[in-house]
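Engineer:
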Amino acid sequence: MQFWKDTIDKVFEGQAPQQPIALALQEALTVSSLSSMWFKRIISERTNNLDDHMFMTIKDMEGYGENTAASLLYLQLESLGVRDVQVDHIASHLGKMIGITTFLRSLPFHLSQKRLVLPAQIMAQHRISQEAAIRGHLDGIDDAVFEVATAANDQLLTARSLLKTSEKPEIMPVLLSAIPHIRYLEKLESVNFNVFDPSLQRKDWKLPFALWSSYKNRQL
32 MQFWKDTIDK
42 VFEGQAPQQP
52 IALALQEALT
62 VSSLSSMWFK
72 RIISERTNNL
82 DDHMFMTIKD
92 MEGYGENTAA
102 SLLYLQLESL
112 GVRDVQVDHI
122 ASHLGKMIGI
132 TTFLRSLPFH
142 LSQKRLVLPA
152 QIMAQHRISQ
162 EAAIRGHLDG
172 IDDAVFEVAT
182 AANDQLLTAR
192 SLLKTSEKPE
202 IMPVLLSAIP
212 HIRYLEKLES
222 VNFNVFDPSL
232 QRKDWKLPFA
242 LWSSYKNRQL
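Position 66, counted from 1, in the sequence shown is what the working numbering calls 97; the numbers after and before it change by one each time, with no gaps.
#1: Looking only at its chain, what residues have a beta carbon closer than 8 Å to the beta carbon of leucine 246, apart from the 5 residues adjacent to it on each side?
#2: If isoleucine 129 and alanine 182 are in contact, beta carbons under 8 Å, what's the gap, nearest whole angstrom?
#3: From phenylalanine 34 to alanine 47, what does the alpha carbon distance come to, in whole angstroms?
#4: Output yes or no for whether 8 Å exceeds the beta carbon distance between alanine 175 and isoleucine 159.
#5: With 16 as the cutoff for other CB atoms within 10 Å, does histidine 168 come out buried or exposed?
#6: Take methionine 92 and list the residues in its own chain whose beta-carbon comes closer than 7 Å to its own, dropping the five residues that flank it on each side.
#7: Is the beta carbon of leucine 187 sitting closer than 8 Å to the one on proline 211?
#8: Starting from aspartate 40, trace the alpha helix (DSSP H) in both directions and tell me its first and last residue.
#9: Does the distance from the CB of leucine 65 to the CB of serine 110 come in under 8 Å?
#10: Hey, would you say leucine 251 sits closer than 8 Å to leucine 194, going by beta carbons?
#11: In terms of residue numbering, what span does the alpha helix (DSSP H) encompassing valine 205 cover?
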């Protein structure tokens with residue numbers, strides 16, 4: 032991660048290293064006013080999670096989404112020249128939803144690697160033992176997933192409410208990155224929050240239409 036910290040510093044100093052990503056970012060800075068703090072916040076959060084430590088609470092999981100997914104949304108909004116408090120709030124809530132949903136989607140993989148990414152507080156409430164879950168004893172997992180998914184959906188509902196009163200139609204291309212995560216939450220509910228259901232691993236052939244519909248109707 033130190034490589035990326037140094038790269039971002041050099042890019043914003045006007046001395047981009049001769050590598051594709053750095054050069055592309057330097058070019059972007061000539062046409063858009065991007066803040067270095069968003070890049071650094073992403074790197075810092077990823078650095079803090081390199082050890083794959085368990086989140087203690089859902090709030091911690093939301094914080095991860097705020098510092099990573101939401102930061103990417105803020106950068107995209109800046110690239111469009113959008114600076115609006117309400118829009119930032121929409122991006123914040125969507126970023127938290129995306130962060131939570133990403134961990135839910137990755138739960139089967141992480142469990143196969145002997146890691147459990149559900150918050151410790153939620154696991155304790157549902158009497159889930161990480162060791163037992165790794166051995167295949169999954170009692171309580173669906174209930175825990177339901178609680179975490181509900182937190183993600185709450186963030187989505189707030190974002191939708193704010194979007195209804197937003198007067199910035201130009202932000203929709205940025206918000207479309209939330210659609211795959213929204214559809215995952217919908218499909219997760221349809222299988223009673225069983226993250227191991229094989230249908231959740233299939234490609235979503237309806238996604239292109241969902242993206243078009245969301246953009247056309249300016250709705251999430």
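Quick reminder that beta carbons are idealized off the backbone N, C-alpha and C, glycines included. Quick caveat, the model's predicted, so the values are computed rather than measured.
Structural biologist: On the basis of the coordinates in this document:
#1: Translated into positions along the sequence shown, residue 246 becomes position 215. First, the residue type needs correcting, since residue 246 is tyrosine and not leucine in the sequence shown. Excluding positions up to five away in sequence, the list reads Met203, Pro204, Leu207.
#2: Indexing the sequence shown from 1 puts residue 129 at position 98. Indexing the sequence shown from 1 puts residue 182 at position 151. So it is not a contact: roughly 13 Å between Cβ atoms.
#3: Taking the sequence shown and counting its residues from 1, the one referred to as residue 34 is at position 3. Taking the sequence shown and counting its residues from 1, the one referred to as residue 47 is at position 16. One C-alpha to the other measures close to 12 Å.
#4: For the purposes of this step, residue 175 is taken as residue 144 along the sequence shown, with counting starting at 1. For the purposes of this step, residue 159 is taken as residue 128 along the sequence shown, with counting starting at 1. Cβ atoms of alanine 175 and isoleucine 159: closer than 8 Å.
#5: Counting from 1 along the sequence shown, the entry for residue 168 is found at position 137. Histidine 168 should be labelled exposed.
#6: Looking up residue 92 in the sequence shown gives position 61. Taken in chain order, the residues that qualify are Phe86, Gly130, Ile131, Phe134, Pro150.
#7: As a first step, residue 187 is located in the sequence shown; it is residue number 156 there, counting from the start. As a first step, residue 211 is located in the sequence shown; it is residue number 180 there, counting from the start. Going by C-beta atoms, leucine 187 is not nearer than 8 Å to proline 211.
#8: Within the sequence shown, the letter at position 9 stands for residue 40. Run containing aspartate 40: 33-43, per the alpha helix (DSSP H) assignment.
#9: Here residue 65 is taken as the residue at index 34 of the sequence shown, counted from 1. Here residue 110 is taken as the residue at index 79 of the sequence shown, counted from 1. In contact: leucine 65 and serine 110 (Cβ atoms closer than 8 Å).
#10: Working through the sequence shown from its first residue, we reach residue 251 at position 220. Working through the sequence shown from its first residue, we reach residue 194 at position 163. Yes; because the gap between Cβ atoms is below 8 Å, this pair is in contact.
#11: Within the sequence shown, the letter at position 174 stands for residue 205. Note, valine 205: alpha helix (DSSP H), 203-206.
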